[in-house]
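Chains as they are written, first to last, in this note's numbering: chain A, 468 to 622; chain B, 468 to 622.
There are 2 protein chains.
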Amino acid sequence: MPVEIERKFLVDKTLWQKLEKPEANFFRQGYLHTDPEKTIRVRVTNTSGYITIKGATTGASRLEYEYEIPKTEATELLDQFAETSLIKNRYILIFEGKTWEVDEFLAENEGLLVAEIELESEDEKFEKPDWVTEEVTGQKKYYNAQLAVNPYKNW
Amino acid sequence: MPVEIERKFLVDKTLWQKLEKPEANFFRQGYLHTDPEKTIRVRVTNTSGYITIKGATTGASRLEYEYEIPKTEATELLDQFAETSLIKNRYILIFEGKTWEVDEFLAENEGLLVAEIELESEDEKFEKPDWVTEEVTGQKKYYNAQLAVNPYKNW
């Protein structure tokens, strides 16, 4: 079964701002359903659409099934069916051979920066860039589905 | 937006049993989420898997977004995430140039036979085969999502 293993960290804003970065991809994503056992997400990026079913998180792991769908239909699904949603810019950076995804949240979550690294196993070793700070893996308030309900500006 | 327009009828069991029919396709389907505004269904057939998002029914119409997914993953999604499910045999028959889908429900819904015809518009005319009886379009208890919760044997 397709398992996603990822660890999540906060980002130092000052160092991040000084960093030379690639162009971001703009994500709009919404949730058709969330409960403790599963999340059904629709995402629209600059070029594509996706529907993703994720299971509950255990440690740094969760089941994840993702399917690419036409961008226009993903937009319609969000408009018609999303209970909650959020927007963010996503940056992809390579550091010491590993891929980091950094989300710069927008709108109600403006000011929040979160970096994620996807791993092959829970105990995989990796180097952290200097702009990566506190680990927040598994902290529910940082789940995107949660940020769509209780955004950063309300914390 | 992709709209499904279909009318639904009961089937005369005696005439149906005497009918020469093509081979059926076995469907197992479950619901990851249902509410009055939307249904998120995963279906496994003999050969394929599908994830389908349907909107609320208005008259004989509803929004429908369907995506084919690997059969093994559809099976896993059902096993992991379906809140409710059902099984049925589906027969496809052509009558007077139109396609009829006849569902022979199994297990908890054994004994229920329902025929559906998909239309281009709500007022489209069509001929009914003699084995088609009472119309049940829009009757909630015949919704598949509903049959998964309150099966025919409990009626």
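Don't be surprised by glycine CBs; every beta carbon is placed ideally from N, CA and C.
A quick note: this is a predicted structure, and the numbers were derived from the prediction, not measured.
Chain A has no Cβ within less than 8 Å of the Cβ of K485/B. Distances from the alpha-carbon of E533/B to those of L573/B, F476/B, I507/B put I507/B closest. Residue ranges of uninterrupted alpha helix (DSSP H) with 4 or more members, entirely inside the stretch 469-527 of chain A and ordered along the chain, are 480-485.
The Cβ of Q613/B sits no closer than 8 Å to any Cβ of chain A. Sixteen is the threshold: since fewer than 16 other Cβ atoms of the shown chains lie within 10 Å of the Cβ of W622/A, the residue is exposed. Remark: C-beta atoms of E531/B and T519/B approach each other more closely than 8 Å.
Taking one beta carbon from each stretch, the stretch 583-597 of chain B and the stretch 607-622 of chain A have fewer than 3 pairs nearer than 8 Å; the two do not touch.
Taking 8 Å as the CB threshold, E471/A stays off the interface with chain B.
Its chain contains I472, E473, R474, L586, E589, T604, G605 as the residues whose beta carbon lies nearer than 8 Å to that of A527/B, once the 5 sequence neighbours on both sides are disregarded; these appear in chain order. Collapsing the DSSP output to three states places Y558/B in a strand.
Measuring C-alpha to C-alpha distances from A523/A to each of T512/A, V509/A, P503/A identifies P503/A as the nearest. Checking the DSSP bridge columns, you'll see L553/B partnered with Q496/B. For D546/A, the enclosing alpha helix (DSSP H) covers residues 538-548.
Rounded to whole angstroms, the Cβ separation of V470/A and T600/A is 26 Å, and the two are not in contact under 8 Å. Per DSSP, L580/A lies in no alpha helix (DSSP H); the unbroken beta strand (DSSP E) holding it starts and ends at 580-586. Counting other Cβ atoms within 10 Å of its Cβ, A574/A stays below 16 and is therefore classed as exposed. With its beta carbon less than 8 Å from one in chain B, G522/A belongs to the interface.
In the three-state scheme derived from DSSP, where H, G and I count as helix and E and B as strand, K595/A is classed as coil.
Listed in chain order, the non-local C-beta contacts of E602/B below 6 Å within the same chain comprise F476, local neighbours out to five positions each way being set aside. Under a 10 Å Cβ-count criterion, E594/A is classified as exposed, with fewer than 16 other Cβ atoms of the shown protein chains found around its own Cβ. Note that the C-beta distance between D570/A and L482/A is not below 8 Å.
If you check each beta-carbon in the stretch 494-522 of chain A against every beta-carbon of chain B, the ones closer than 8 Å belong to L499, H500, E504, K505, I507, I518, I520, G522. Around I559/B, the same chain offers P489, T566, E568 as residues with beta carbons nearer than 7 Å, after the five sequence neighbours per side are excluded.
For Y534/A, the three-state secondary structure derived from DSSP is strand. K565/B: member of the beta strand (DSSP E) spanning 565-572, first to last residue.
Of all residues in the stretch 522-551 of chain A, those with a C-beta nearer than 8 Å to a C-beta of chain B are G522, L530, Y532, Y534, I536, E540, E543, L544, Q547, F548, reading in chain order.
Under a 10 Å Cβ-count criterion, E543/A is classified as buried, with 16 or more other Cβ atoms of the shown protein chains found around its own Cβ.
The shortest C-alpha to C-alpha distance from N492/A to any of K608/A, Y610/A, R557/A, E577/A is the one to R557/A.
Note on geometry: alpha-carbon atoms of F548/A and K592/B lie some 32 Å from one another. Here G497/B is buried: its Cβ has 16 or more other Cβ atoms, across all protein chains shown, within 10 Å.
Bounds of any alpha helix (DSSP H) do not take in N621/B, whose DSSP letter is neither H nor E. Non-local C-beta neighbours of T501/A in its own chain, meaning closer than 7 Å and more than five positions away in sequence, comprise A612, ordered along the chain.
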